[in-house]
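If you're matching them up, the sequences are chains C and W in order.
2 is the number of the first residue of the first sequence in the working numbering; add one for each residue after it.
15 is the number of the first residue of the second sequence in the working numbering; add one for each residue after it.
Idealized CB from N, CA, C, for every residue including glycine.
Everything numeric in this text was worked out from a predicted model, so none of it was measured.
Data block below; observations after.
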Amino acid sequence: VRAIPALVLCAGAGLCALLIDGAHRGGWPPTDKAAIGYSAGLLSIAIGVVVWLRRPDTRTGMLLTAFPIASLAADLDIVFPASPTAITAAFACESLGAAFLVHAVLSYPTGRFSSRLDRGFVVFAYVYATARGLVLLLFYDPHAPHDPLMFDWYFRARPLTHVAWLDVTRIVDVFDGVLFAAALGLVLLLVRKVLRASPGEQRIVLPLVAATCFAALQVAVQLAVYREPVNSWASGNWFWVVTFASVATPLALALGILWGRRARSAVADLVVELERTPPGAVREALARTLRDPSLEIALCLERGGYADGEGRPVTLPASGSGRAVTVLGPADAPVAALVHDPVLLERPALLAAAGAAARLALENERLQAELRAQVAELRASRTRIVEAGDDERRRLERDLHDGAQQRLLAIGLALQLARGQLEADAETTRELLDEADAELRAALDELRELAHGIHPAVLTEQGLGPALATLAERSPVPVTIDGVPDERLPAPAEAAAYFLVSEALANVAKYAHASRIRVSVVRENGRARVEIHDDGVGGADPSRGSGLRGLLDRVQSLDGRLRIDSPPGRGTHLEAEIPCA
Amino acid sequence: MLCDDLHVSATVLVVDDHPSFRSFARRLLDDAGFAVLDEAGDGASALAAVRRLRPDVVLLDVLLPDTTGFELADVLAAEPSRPAVVLVSSRRATDFGASLERASARGFITKSELTAAAVAELVGGGP
């Protein structure tokens with residue numbers, strides 16, 4: 002693939018040599034001007050080939066190479082006016098070079114058109130070049146009668162493709178009128194392109210656009226002043242203007258490439274600068290190097306998601322939002338994401354180099370952000386745990402007050418009544434004692450239930466398996482326990498697993514409308530994996546309601562993880578990993 | 015018994031959200047010679063019963079599902095029949111502090127110490 006641009010460069014050099022040699026032998030154009038003008042063309046070809054090699058993914062390089070080649074070929078008729086082959090080639094390329102140039106500039110730097118107007122103009126340029134070429138190829142005939150004032154009497158051969166004679170000079174006049182309007186139109190389109198570009202793009206596009214505007218305007222001036230393109234070989238001043246116009250655009254592009262080299266050396270400066278950059282200032286350093294003041298940095302958190310330097314969560318912009326995202330670091334362990342001007346995507350090497358240079362500093366920032374996020378999370382969960390403890394105490398007080406305490410009071414009243422009845426009525430006394438007895442049993446049951454809720458004795462005494470079995474028995478939704486480790490787990494892990502299942506079963510019964518629940522506990526790699534799956538309505542959200550939130554806190558306090566997968570309509574899958582080494 | 019001769023005809027409404035307490039309290043007071051007219055489980059039905067039955071005494075639990083005994087006592091104090099309110103709770107008087115001192119009630123009895131005599135003593139000045 003790299004051979005093709007090289008071959009094209011050789012062919013361009015050959016064409017250039019052919020023209021200079023031909024001019025020298027034939028005497029026209031003047032040898033010194035020919036040497037300068039055609040060498041300028043070769044320079045443009047070389048620049049185009051360099052761009053082609055550097056950015057093979059866009060057509061820009063190819064078009065910038067084709068532009069000077071077509072322009073050189075269009076001069077074959079002047080150097081070899083008696084050669085039908087040369088005249089045919091020259092006519093075919095008459096306006097093609099300009100069309101290539103317009104295409105390259107309007108699609109720069111992405112290689113794609115940013116508007117339908119731009120695309121339409123390029124299509125028009127190709128149609129114009131083809132039509133103008135065809136008219137000359139088919140109808141030009143130097144032997145036919147014609148206006149002796151036109152300079153094209155100079156060509157003495159007919160193109161190989163000649164079919165009939167037509168008064169070509171009149172048609173070419175029309176084409177020149179269209180060319181004048183098109184040159185002005187192109188200037189307007191280029192101004193519009195600059196105005197619509199992002200600030201980063203403007204910096205890249207502006208020199209190129211200025212050069213192309215110059216080329217278009219000098220054509221318009223020629224046509225306005227002389228009503229036809231100037232024979233620049235015969236005019237001292239116009240020769241320099243036209244020659245400069247032909248190399249201005251490639252030169253502007255070369256400047257852009259040089260700017261890229263300078264940016265590369267800016268990366269070297271960045272590496273040195275980061276050495277003394279305090280944490281938190283990496284963004285400023287990177288923004289300076291990439292010349293994108295709008296640059297933002299999102300640090301990848303280990304538990305997923307992104308945060309800014311302060312540990313606050315950050316959402317990356319979606320594609321099509323006018324911002325581009327570049328992720329730094331390996332795909333499986335990204336360090337940070339740069340949110341930047343899309344124009345930087347045109348300089349992937351620069352982005353990659355700057356990103357690589359900043360990676361270590363960003364890794365440092367990431368760890369700090371991670372730490373801050375963890376501290377914030379820890380602080381929040383500590384508050385929640387304290388609040389949950391207070392809530393639990395209030396609930397216990399209320400349960401005791403409404404339950405067992407009331408029953409014991411009733412027993413006291415019953416005994417008081419029985420004492421009053423003791424001598425009077427044995428039957429009533431027995432009834433009162435029976436009632437007191439019934440209240441006492443109910444009070445004992447309630448106290449047992451309450452104690453079980455505080456910490457189930459079966460868990461302490463017999464372990465997770467029997468404790469989960471009692472939970473399953475009490476659940477209104479049928480529960481299948483697929484497996485529980487036979488051996489005892491550490492008490493905190495057992496308690497976390499038990500309350501996780503307990504809360505999950507209560508939630509399923511309350512909200513899920515499920516017909517069955519599966520529970521399993523597996524011990525592997527020093528962790529207990531607890532899974533609870535139901536076939537209910539799904540849509541559970543841990544951010545709502547304190548139950549799941551409290552469970553999350555309990556699991557996280559043991560350095561565990563809790564994952565809830567609850568797509569609406571497809572049940573809820575709750576999976577916790579609790580360390581129990 | 016103890017208070018038979020004192021309050022032969024004093025009528026009582028028992029207000030508490032626990033049915034077992036209501037029924038035992040009713041029998042305790044009935045046995046002592048009070049005439050318990052009715053029971054109520056919450057503030058709204060208690061107010062309705064007071065307006066309908068115009069009891070002399072309201073035995074009123076502090077914690078009710080729809081209001082507190084303190085608030086209901088204030089409402090009852092504005093009723094034309096002006097019943098004597100005796101607040102009761104399973105908690106102790108010290109748990110309520112100032113709200114108890116400000117309450118429009120004759121007094122307070124902890125439920126575990128509830129006796130007909132204690133009620134009679136508080137409403138002694140009444141009809």
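The alpha-carbon separation between C/Ala75 and C/Ala24 amounts to approximately 14 Å.
The beta carbon of C/Gly527 sits closer than 8 Å to those of Pro580, Cys581 and Ala582, all from its chain and outside the five residues before and after it, given in chain order.
In this structure, the beta-carbon distance from W/Leu114 to W/Ala60 does not fall below 8 Å. Chain C places a beta carbon closer than 8 Å to that of W/Ala39, counting this residue as a contact. The beta carbon of C/Glu428 sits no closer than 8 Å to any beta carbon of chain W.
Going by DSSP, C/Gly98 is part of the alpha helix (DSSP H) stretching over Leu97 to Leu107. Taking CB atoms only, C/Arg524 has no neighbour in chain W less than 8 Å away. Scanning chain C for C-beta atoms nearer than 7 Å to the C-beta of W/Leu42 yields Leu414, Gln417 and Leu418, reported in chain order. Each residue's CA atom was taken as its position, placing C/Ala217 and C/Ile298 some 42 Å apart. Taking a Cβ-Cβ threshold of 8 Å, the residues of chain C close to W/Phe35 are Gln407, Leu410, Ala411 and Leu414, in chain order. With fewer than three CB-CB distances shorter than 8 Å, the region 50–59 of chain W does not count as touching the region 445–456 of chain C.
In the structure shown, the three-state DSSP call for C/Val336 is coil.
In the three-state DSSP reduction, C/Gly23 falls in the helix class (H, G or I). Our two residues, W/Ala87 and C/Thr316, have alpha carbons roughly 57 Å apart in a direct line. Bounds of any alpha helix (DSSP H) do not take in C/Glu578; it lies within the beta strand (DSSP E) bounded by Thr573 to Pro580. Counting C-beta atoms within 10 angstroms of its own C-beta, C/Asp560 has fewer than 16 neighbours from the protein chains shown and is therefore classed as exposed. Counting only Cβ-Cβ distances below 7 Å, C/Glu432 has no contacts in chain W at all, with the closest Cβ about 11 Å away.
CA-to-CA, the gap between C/Phe140 and C/Ala71 works out to about 21 Å. Shown in chain order are the members of the region 437–452 of chain C whose Cβ falls below 8 Å from a Cβ of chain W: Glu440. Within its own chain, the residues whose Cβ lies closer than 6 Å to the Cβ of C/Ala93, once the five positions on either side in sequence are excluded, are Gly134, listed in chain order. The closest CA to that of C/Leu252, considering only C/Glu462, C/Ile5, C/Leu43 and C/Arg519, is found on C/Leu43. Within chain C, the residues Leu410, Gly413, Leu414 and Gln417 have their CB atoms less than 9 Å from the CB of W/Leu128, given in chain order. Here DSSP, grouped into helix, strand and coil, assigns C/Pro314 to strand. Per DSSP, the beta-bridge partners of C/Ser521 are C/Gly484 and C/Glu532.
For C/His402, the neighbours in chain W by C-beta distance under 7 Å run, in chain order, Ser104.
It is roughly 7 Å from the alpha-carbon of C/Pro30 to the alpha-carbon of C/Val80. Following the DSSP letters along the chain, one finds C/Phe122 inside the alpha helix (DSSP H) bounded by residues Arg117 to Phe140. Against chain C, the CB of W/Asp80 has no partner CB under 8 Å away; the residue lies outside that interface. For W/Val29, the enclosing beta strand (DSSP E) stretches over residues Thr25 to Val29. In this chain, the beta strand (DSSP E) harbouring C/Arg564 covers Arg562 to Asp566.
Here C/Pro6 has Val50, Trp53 and Leu54 as same chain residues with Cβ atoms under 6 Å from its own Cβ, once five neighbours each way along the sequence are excluded. Within the region 466–512 of chain C, the complete alpha helix (DSSP H) segments of 4 residues or longer fall at 492–508, listed in chain order.
When Cβ pairs closer than 8 Å are counted between the two stretches, the region 33–48 of chain C is seen not to touch the region 209–226 of chain C, the count staying below three. Here W/Val71 is buried: its Cβ has 16 or more other Cβ atoms, across all protein chains shown, within 10 Å. Contact holds between the region 393–411 of chain C and the region 25–41 of chain W, because three or more Cβ pairs, one in each stretch, are under 8 Å apart. When only Cα atoms are considered, C/Trp234 and C/Arg193 end up about 34 Å apart.
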